[in-house]
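One structure is given below, encoded as structure tokens.
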Amino acid sequence: MTDFTLHGKTALVTGAAYGIGFAIAEALAEAGAKIAFNCRSQRHLDEALAAYAAKGIEARGYICDVTDEEAVRGMVASIAEEIGAVDILVNNAGIIRRVPMHEMSAEEFREVVDIDLTAPFIVSKAVIPAMIAKGGGKIINVCSMMSELGRETVSAYASAKGGLKMLTRNIASEYGRYNIRCNGIGPGYIATPQTAPLRERQADGSRHPFDSFIVAKTPAARWGAPDDLKGPAVFLASAASDFVNGHILYVDGGILAYIGRQPE
161 MTDFTLHGKT ALVTGAAYGI GFAIAEALAE AGAKIAFNCR SQRHLDEALA AYAAKGIEAR
221 GYICDVTDEE AVRGMVASIA EEIGAVDILV NNAGIIRRVP MHEMSAEEFR EVVDIDLTAP
281 FIVSKAVIPA MIAKGGGKII NVCSMMSELG RETVSAYASA KGGLKMLTRN IASEYGRYNI
341 RCNGIGPGYI ATPQTAPLRE RQADGSRHPF DSFIVAKTPA ARWGAPDDLK GPAVFLASAA
401 SDFVNGHILY VDGGILAYIG RQPE
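Residue numbering for the sequence shown follows the numbering used here, beginning at 161 and increasing consecutively.
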């Protein structure tokens, strides 16, 4: 079966220096795609290139702020010239600020929305013309369970990820006739450096309260791993998903389907 092959395809994965983005880029490379990614600093770029090389992956890295429209246009042009026009875009770059809403400044709110929502708009806009010219492409937006749920201290993040869900559906609606498929991946709680503080052991050796909460709320009874996102990413990037459009694939161990365990 060849539906899952990505040979001959160029994939741009934003913010893929580590964590979820790195795992997705690795999976796309294993399926045959040529990988491009961006970072905002030379140090992170160098570290990421070394990590890709250690995995045997030839990845091309670019320093680019994905909230800067002109810089993004330049990066996309360089990728087209040096590797090939982008066939697969994964909008992965994102941040979170865990601050109670009444304590969060408008500037902090805008920063999260700018990176988590406006940047996917900017990067998608930059690659769509070439996808139209080539006869199609795949766009994958890394959404979140917070595209569906609210929680304390994540007002900006939930607002941005909810907006990203609707941007995904709108790209699917507007560009489906050009054979461009836009879908989202909604990770659950994934064990990455970003979530490490929520999994730290307490001074007495017990689990962090939030760690215990998530494990109890997840039917799989564990945090996800970045590798859990590899298969879904390859599926949405490949011909296997050619009639899937505007869908958010939640990879959450079942949290969104589960009301929770009855207290004993």
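Backbone N, C-alpha and C fix where the C-beta goes; we use that ideal spot for every residue, glycine too.
For clarity, every value in this text was computed on a predicted model and none was experimentally measured.
| Exposed or buried, residue 327, counting other C-beta atoms within 10 Å across all chains shown (16 or more means buried)? | Position 167 of the sequence shown holds residue 327. Result: buried.
| message | Can you give me the C-alpha to C-alpha distance between residue 332 and residue 407, rounded to a whole angstrom? | response | One-based indexing of the sequence shown puts residue 332 at position 172. One-based indexing of the sequence shown puts residue 407 at position 247. The straight-line gap from Cα to Cα measures roughly 9 Å.
| said: So, under 8 Å CB-CB, residue 207 and residue 177 are touching, yes? Tell me the CB distance rounded to an integer number of Å. | reply: As a position in the sequence shown, residue 207 is number 47, starting the count at 1. As a position in the sequence shown, residue 177 is number 17, starting the count at 1. Between residue 177 and residue 207 the Cβ distance is about 7 Å, and since that is below 8 Å, they are a contact.
| message | I'd like the list of long-range same chain contacts for residue 375, defined as Cβ closer than 6 Å, with 5 residues on each side in sequence excluded. | response | Here residue 375 refers to the residue found at position 215 when the sequence shown is read from its first residue. Around residue 375: 381.
| query | Is it a yes or a no for the stretch 279-288 touching the stretch 242-249, going by three-plus beta-carbon pairs under 8 Å? | reply | yes
| query | Would residue 311 pass as a contact of residue 404 if the rule is Cβ separation under 8 Å? | reply | The residue labelled residue 311 in the question sits at position 151 within the sequence shown. The residue labelled residue 404 in the question sits at position 244 within the sequence shown. The answer is no: Cβ separation not under 8 Å.
| query | Thinking C-beta only, is residue 353 closer than 8 Å to residue 384? | reply | For the purposes of this step, residue 384 is taken as residue 224 along the sequence shown, with counting starting at 1. For the purposes of this step, residue 353 is taken as residue 193 along the sequence shown, with counting starting at 1. No, Cβ-Cβ distance for residue 384 and residue 353 is not below 8 Å.
| request: Following the continuous alpha helix (DSSP H) through residue 188, name the residue where it begins and the one where it ends. | output: Taking the sequence shown and counting its residues from 1, the one referred to as residue 188 is at position 28. Its alpha helix (DSSP H) spans residues 179-190.
| query | Just to confirm, are residue 195 and residue 220 a CB contact at a threshold of 8 Å? | reply | Mapped onto the sequence shown, residue 195 falls at position 35. Mapped onto the sequence shown, residue 220 falls at position 60. Cβ atoms of residue 195 and residue 220: closer than 8 Å.
| query | Bridge partners of residue 248, per DSSP? | reply | In the sequence shown, residue 248 corresponds to position 88, counting from 1. Residue 248 is bridged to 171, 298.
| request: Please classify residue 200: does DSSP put it in a helix, a strand, or coil? | output: In the sequence shown, counting from the first residue as 1, residue 200 sits at position 40. Three-state DSSP puts residue 200 in coil, outside helix and strand.
| said: Quick check: what's the CA-CA separation for residue 229 versus residue 343? | reply: Here residue 229 refers to the residue found at position 69 of the sequence shown. Here residue 343 refers to the residue found at position 183 of the sequence shown. Near 22 Å, if we compare the C-alpha coordinates of residue 343 and residue 229.
| What did DSSP end up calling residue 361 once you bin it into helix, strand or coil? | As a working note, residue 361 is residue 201 in the sequence shown. Three-state result, residue 361: coil.
| Which whole-angstrom value is the C-beta distance of residue 256 and residue 300, which I expect to be below 8 Å? | Residue mapping note: residue 256 aligns to position 96 of the sequence shown, counting from 1. Residue mapping note: residue 300 aligns to position 140 of the sequence shown, counting from 1. Their Cβ separation, rounded to whole angstroms, is 19 Å, which puts residue 256 and residue 300 out of contact at 8 Å.
| In the DSSP assignment, what are the bridge partners of residue 411? | The sequence position of residue 411 within the sequence shown is 251, counting from 1. DSSP, once it has assigned bridges, lists 347 as partnering residue 411.
| query | Can you give the Cα-Cα distance for residue 334 and residue 296, rounded to whole angstroms? | reply | Residue 334 sits at position 174 when you count from the first residue of the sequence shown. Residue 296 sits at position 136 when you count from the first residue of the sequence shown. Whole-angstrom Cα-Cα distance: 13 Å.
| said: At 3 residues or longer, what runs of the beta strand (DSSP E) sit wholly inside the stretch 203-232? | reply: 219-223
| request: State the Cα-Cα distance for the pair residue 186 and residue 424, rounded to the nearest angstrom. | output: The count along the sequence shown starts at 1 and reaches residue 186 at position 26. The count along the sequence shown starts at 1 and reaches residue 424 at position 264. Going by the C-alpha atoms only, they are around 43 Å apart.
| In chain order, which continuous runs of the alpha helix (DSSP H) of length 4 or greater are located wholly inside the stretch 277-339? | 279-294, 315-335
| task | Report the partner residues of residue 420 according to the DSSP bridge assignment. | result | Taking the sequence shown and counting its residues from 1, the one referred to as residue 420 is at position 260. Residue 420 pairs with nothing; no bridge assigned.
| Pick from 379, 189, 394, 401 that is closest to residue 414, judged by C-alpha positions | Here residue 414 refers to the residue found at position 254 of the sequence shown. For residue 414, the nearest C-alpha among the options comes from 379.
| Helix, strand or coil: how does DSSP classify residue 275 here? | Locating residue 275 in the sequence shown gives position 115, counting from the first residue. Here residue 275 sits in helix by DSSP.
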